[in-house]
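Once you know that position 79 of the sequence shown is 80 in my numbering, the rest is easy, because the numbers rise by one and skip nothing.
We put the beta carbon where it would ideally sit given N, CA and C, even for glycine.
Please read these numbers as outputs of a predicted model, since none were measured by experiment.
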Amino acid sequence: MQGYPAALGVLATAVIIILVWEWRVHIVSLAVQYLLLGLLIMDVLAPQLAALIVLVGLFVCLILTVTAGQVNWDRSPVDVRPEEEVARRWGIPVSGLVRFAVALLMLVGAWFAWLVIGWLADPSLAELPAYFELAAMGLIAFGLLAFVINSEPWRMGLGVFMFLSGVELYLMAINLSTAVLVGVAVLNLGSAVLVSYLVQRRYAFPFAAG
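If you want it as structure tokens, here you go:
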């Protein structure tokens, strides 16, 4: 499963992460997304290096799983009353369909920008398969969308991971050095630790009144 099937699978997992609220679904979708990314990266890297990138992604999912277990899988924070739970989950005044429509618009715009900027700045990008560009720019767009429309650290963190994966695909295409691999791994693991801390802080301690 490589090429367009893998790219479309990556985008499908991104849509699920944005539209679904269940944390277990988020983790499974993110893990599948990293596996599919590994298949895409095998088009430009040796299988061993692609496997290393997948392992880093799965370790990120492990950190998120441990974190979710520690906060009882999305129980209400201690400063949120039961009657506020609906508002907490649906604080953004848009429905799932509107979110999906906005995500598609961002995807189209990001892909167009990728093609124009890539053609102007680096002609070698034009040689990339279209499915590679689709997956990279789709992840960047969906990651930005998830980060912008949410206020909870968990869901914002998922947006960060998707954004980093899109950037990772781009970097893999233009620079195959070991330093890039190390930098991407450190960014992903560092982000996972930070998201874990913010989630535990949010769900363990009430916000200060103000």
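How about residue i and residue j: do their beta carbons lie closer than 8 Å?
| i | j | result |
| --- | --- | --- |
| Tyr171 | Ala137 | yes |
| Ile54 | Met163 | no |
| Val57 | Ala186 | yes |
| Ala7 | Leu41 | yes |
| Ala193 | Leu65 | yes |
| Ala52 | Gly70 | no |
| Gly139 | Ala15 | yes |
| Gly167 | Ile141 | yes |
| Leu188 | Leu165 | yes |
What residue does the alpha helix (DSSP H) around residue i start on, and which one ends it?
| i | result |
| --- | --- |
| Met138 | 131-150 |
| Gly58 | 48-71 |
| Val33 | 24-42 |
| Val16 | 5-20 |
Whose C-beta lies closer than 6 Å to the C-beta of residue i among residues of the same chain, with five residues either side of it excluded?
| i | result |
| --- | --- |
| Gly160 | Gly144, Ala147, Phe148 |
| Val11 | Gln34, Leu37, Ala136 |
| Gly191 | none |
| Gln3 | Leu40 |
| Met43 | Ala51 |
| Glu213 | Residue 213 falls outside the range modelled here, since the chain spans only 2 to 211, and no answer is possible. |
| Tyr5 | Tyr132 |
| Val67 | none |
Going by beta carbon distance, what residues of the same chain come within less than 7 Å of residue i, once the five residues before and after it are set aside?
| i | result |
| --- | --- |
| Ala32 | Leu59, Cys62 |
| Pro154 | Val196, Leu199, Val200, Arg203 |
| Arg156 | Ala147 |
| Leu121 | Its pLDDT being 48, under 50, Leu121 is placed unreliably in this model, and the value from its coordinates should be taken loosely. So no residue of the chain qualifies. |
Only counting the same chain, and skipping five residues up and downstream in sequence, which positions put a Cβ closer than 8 Å to that of residue i?
| i | result |
| --- | --- |
| Trp74 | Trp24, Arg25 |
| Pro130 | Gly4, Asp44 |
| Met173 | Ile42, Val45, Leu46, Val181 |
Compute every distance between the C-beta of residue i and the non-hydrogen atoms of the ligand GTP, then say whether any falls below 7 Å.
| i | result |
| --- | --- |
| Val72 | In the structure shown, the ligand GTP is absent, as is every other ligand, since no ligand is present at all. |
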